[in-house]
Amino acid sequence: MEQADFVHMVRMSEHASAENSRAYRLSVGAFAALGYAWVLGCLALGAGLLGWAGLQLLQGRFRLGLVLLVLAAGGLFWVSLRALWVRLDAPEGVEITALEAPALFEALERIRRKIRAPMIHHVRLNDEFNASIQQVPRYGLLGGSVNHLTIGLPLLMALNRPRFLAVLAHEYGHLRGDHGRFAAWIYRSRLAWMQLHHGLQDDSSPVTLATQAFLRWYFPRFSAKTFALARQDEYEADRIAGRLMGRDVAAAALTEMEVRGAWMQSEFWARHWSKAADNPLPVGPYRSLRRRLARMPAPAFANDALRQALQRISGVDDTHPVLRDRIEALDTPPILPDWSHGNAIGLLGSDAKRWVAHFDRQWCRDHASEWKLHHAWLVQVRARAQVLTANMAQNQAQDLVELARLMRLLDPRAVVRPLYEQALAHDPQ
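This note's numbering numbers the first residue of the sequence shown as 18 and each following residue consecutively.
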C-alpha cells in the first residue's frame with residue numbers, strides 16, 4: 018500500500034469514528050474477524066485436502082499429482098498453524114516481585130481495583146525513560162494473553178510519586194473495561210499480524226505465497242483501519258489517569274516527561290559520553306543521572322523544549338497524540354509545571370540502590386566496545402585541540418572554529434563563544 022493511500026485510510030477511519038463510534042468499532046471488529054477467517058479457512062482447506070489425498074494414497078492410488086497435493090496441503094496446513102500460534106517475545110527487562118517492591122505492587126493493586134482492570138502478571142524494570150503495558154498472546158491469534166508492565170528506572174528517578182502513579186494509571190487504563198478489552202484484543206491482533214508478516218517475508222517456499230499475498234494486502238489496511246481506535250485508546254487512558262490522580266497531575270506528568278526526556282537526549286548523554294576522554298573503561302550513567310534529575314531543568318532549556326513540543330502535530334506514524342493534543346484533551350493549560358520534588362524510586366523499597374548499580378553494570382557491559390572506540394577517538398580529539406591551543410597566535414579563522422568544535426566534543430559545557438568571535442574578527446566572511 019502506498020503511503021498516501023495509508024494516510025487516506027487513516028483519515029477515513031478517524032472520520033468514521035467521530036461520526037458513529039459504535040458503527041466504527043463494529044467495522045473494525047469485522048475486519049479483524051476477516052483475518053481470523055482467512056487463517057481458519059486455510060487451516061480447514063489444508064486439513065481437508067491433506068485428509069482426502071492421504072485417504073486416496075492409503076487406498077493404493079499412487080499418483081504424482083496426489084503426492085504433490087499432499088505436500089501442498091501439508092504446507093498450507095503448517096503455515097496456517099504457524100499463523101494461529103505465532104509467538105511474541107516478552108518485553109525486555111529484569112522482573113521484580115511484590116516481595117522486592119511491596120509499595121509498588123500495592124499502588125498497582127489500588128489502581129487495578131479503581132478501574133476494574135485485569136491483573137498484571139509480570140512487572141519488569143528496564144533502562145528506558147518510559148513505562149508501558151504490553152499484552153503478549155499466549156497462543157498467537159487464539160487464546161488468552163499475559164499482561165506485562167515495564168517500568169523504566171530513569172522514569173522512577175525523574176517524577177514524584179503522584180506523577181509517576183499517573184503514568185501507571187495511564188498504562189493500566191489500556192486494559193480497563195469492555196472497551197479496553199476490545200482495544201487490547203485489536204492491539205494483540207496487530208502485534209501478531211506484524212510478527213507473522215515479518216516472519217514470512219524471508220520464506221520463499223511456494224506454500225507461503227498465498228499467505229504472503231494476503232498479508233501484503235491485509236496488514237497495512239488493518240493497521241490503518243484500527244489507527245483511530247488506538248489513538249482514542251490513548252486519550253481514554255489519559256482521562257483515566259486524570260480521574261484517578263487529578264487532571265493537573267496527569268498533565269504535569271506528561272509535560273515533565275517531555276522536558277526531561279528532551280534534556281536527557283540533548284544534554285545528559287552528550288556529557289556522559291564525553292567522560293570517555295578521561296576514562297578508558299565505561300562509566301555507568303544511572304548513579305549520575307539520579308543526582309542530575311534531582312535538580313530543576315534550566316528555565317531557558319525547559320521553555321524551549323516545551324515550545325518545540327507544543328509545535329509538533331499528531332501524525333500517522335505513531336498512535337500516541339502529541340503533547341499539545343493530550344494537554345488540551347485533559348482541559349489543562351499548556352504551561353511548565355512546578356518540577357517534581359523528590360522521586361518515585363522509593364517504590365522499589367530498600368533495593369533502589371541495588372537496581373541503580375545493576376543497570377550501571379549492565380550499561381557498561383553493553384557499551385564496552387563502543388566506549389573503547391569513543392575513548393580512542395576523544396584521545397585524538399584532545400591531542401588535536403592541544404596542538405591548536407598551543408598555536409593560538411598563528412591560528413586562522415578555520416582553526417579557531419575547529420578548536421571550538423573540538424572543545425565542545427571534549428566538554429559539551431565548554432564556553433566557546435570567544436573563539437567564534439575571534440574567528441569572525443579574523444575573517445568576517
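Even glycine gets a Cβ: it sits at the ideal position worked out from N, Cα and C. Being a predicted model, the structure only gives us computed values, none of them experimental.
{"Query": "If I measure Cβ to Cβ from residue 173 and keep anything under 6 Å in the same chain, skipping five residues before and after, which residues do I get?", "Result": "361, 362"}
{"Query": "So what does DSSP say about residue 412, is it helix, strand or coil?", "Result": "coil"}
{"Query": "Find out if the Cβ-Cβ distance for the pair residue 304, residue 285 is shorter than 8 Å.", "Result": "no"}
{"Query": "Can you look up residue 68 in the DSSP assignment and give me helix, strand or coil?", "Result": "helix"}
{"Query": "Under 6 Å Cβ to Cβ from residue 24, same chain only, skipping five residues before and after it: list those, please.", "Result": "333"}
{"Query": "If we count the other Cβ atoms within 10 Å of its Cβ and call it buried at 16 or more, is residue 386 buried or exposed?", "Result": "exposed"}
{"Query": "What are the boundary residues of the alpha helix (DSSP H) that residue 344 is part of?", "Result": "340 to 346"}
{"Query": "May I ask you to report which of helix, strand or coil DSSP gives residue 485?", "Result": "Coverage of the chain is limited to positions 18 through 446, which leaves residue 485 absent and any answer about it impossible."}
{"Query": "Alpha carbon to alpha carbon, what distance is there between residue 262 and residue 164?", "Result": "23 Å"}
{"Query": "Taking only three categories from DSSP, how would you classify residue 166?", "Result": "strand"}
{"Query": "Between the alpha carbons of residue 447 and residue 147, how many angstroms are there, rounded?", "Result": "No answer is possible for residue 447: the residues shown for the chain start at 18 and end at 446."}
{"Query": "So what does DSSP say about residue 257, is it helix, strand or coil?", "Result": "helix"}
{"Query": "Are three or more beta carbon pairs between the segment 397 to 404 and the segment 418 to 429 nearer than 8 Å?", "Result": "yes"}
{"Query": "In terms of residues, what are the limits of the beta strand (DSSP E) holding residue 143?", "Result": "139 to 143"}
{"Query": "Just the Cα atoms here: how many angstroms apart are residue 204 and residue 33?", "Result": "19 Å"}
{"Query": "Excluding sequence positions up to five away, which residues of its chain have a Cβ less than 7 Å from the Cβ of residue 7?", "Result": "Any property of residue 7 remains undetermined from this structure, which presents the chain solely from 18 to 446."}
{"Query": "Determine whether the beta carbon atoms of residue 87 and residue 71 lie at a separation below 8 Å.", "Result": "yes"}
{"Query": "Rounding to the nearest angstrom, what Cα-Cα distance links residue 114 and residue 140 in this structure?", "Result": "7 Å"}
{"Query": "For residue 161, name the three-state secondary structure that DSSP assigns.", "Result": "strand"}
{"Query": "Evaluate residue 143 with the Cβ neighbour count: other Cβ atoms within 10 Å of its Cβ, from every protein chain shown; 16 or more gives buried, anything less gives exposed.", "Result": "buried"}
{"Query": "Can you tell me which of 188, 317, 155 puts its alpha carbon nearest to the alpha carbon of residue 453?", "Result": "Summary: the structure shown does not reach residue 453, with the chain confined to residues 18 through 446, and so no result is reported for it."}
{"Query": "Determine, using beta carbons only, whether residue 192 and residue 259 come nearer to each other than 8 Å.", "Result": "no"}
{"Query": "Once you ignore the five residues that flank residue 450 on each side, which residues in its own chain have a CB closer than 8 Å to its CB?", "Result": "Residue 450 lies beyond the range of the chain shown here (18 to 446); nothing can be said about it."}
{"Query": "How about residue 326 and residue 275: do their beta carbons lie closer than 8 Å?", "Result": "yes"}
{"Query": "Of the residues 201, 418, 442, which one's Cα is nearest the Cα of residue 432?", "Result": "418"}
{"Query": "Under 8 Å between the Cβ atoms of residue 60 and residue 101?", "Result": "yes"}
{"Query": "Assuming residue 201 and residue 249 form a contact by the criterion Cβ under 8 Å, report the distance between their Cβ atoms to the nearest whole angstrom.", "Result": "The pair is not a contact, with the Cβ atoms about 13 Å apart (cut-off 8 Å)."}
{"Query": "Could you give the residue range of the beta strand (DSSP E) that holds residue 111?", "Result": "111 to 113"}
{"Query": "In the structure shown, what three-state DSSP assignment does residue 149 receive?", "Result": "strand"}
{"Query": "Below 8 Å between beta carbons: does that hold for residue 56 and residue 241?", "Result": "no"}
{"Query": "May I have a chain-ordered list of the beta strand (DSSP E) segments no shorter than 3 residues that lie completely inside the segment 278 to 344?", "Result": "none"}
{"Query": "Does residue 404 pass the burial test, meaning 16 or more other C-beta atoms within 10 Å, or should it be called exposed?", "Result": "exposed"}
{"Query": "Going by DSSP in three states, residue 10 sits in which element: helix, strand or coil?", "Result": "This structure does not reach residue 10, given that the chain is present from 18 up to 446, and the question cannot be answered."}
{"Query": "With distances taken between CB atoms, is the gap from residue 291 to residue 428 smaller than 8 Å?", "Result": "yes"}
{"Query": "Determine, using beta carbons only, whether residue 302 and residue 280 come nearer to each other than 8 Å.", "Result": "no"}
{"Query": "Compute the Euclidean distance between the alpha carbons of residue 278 and residue 392, then round it to the nearest angstrom.", "Result": "26 Å"}
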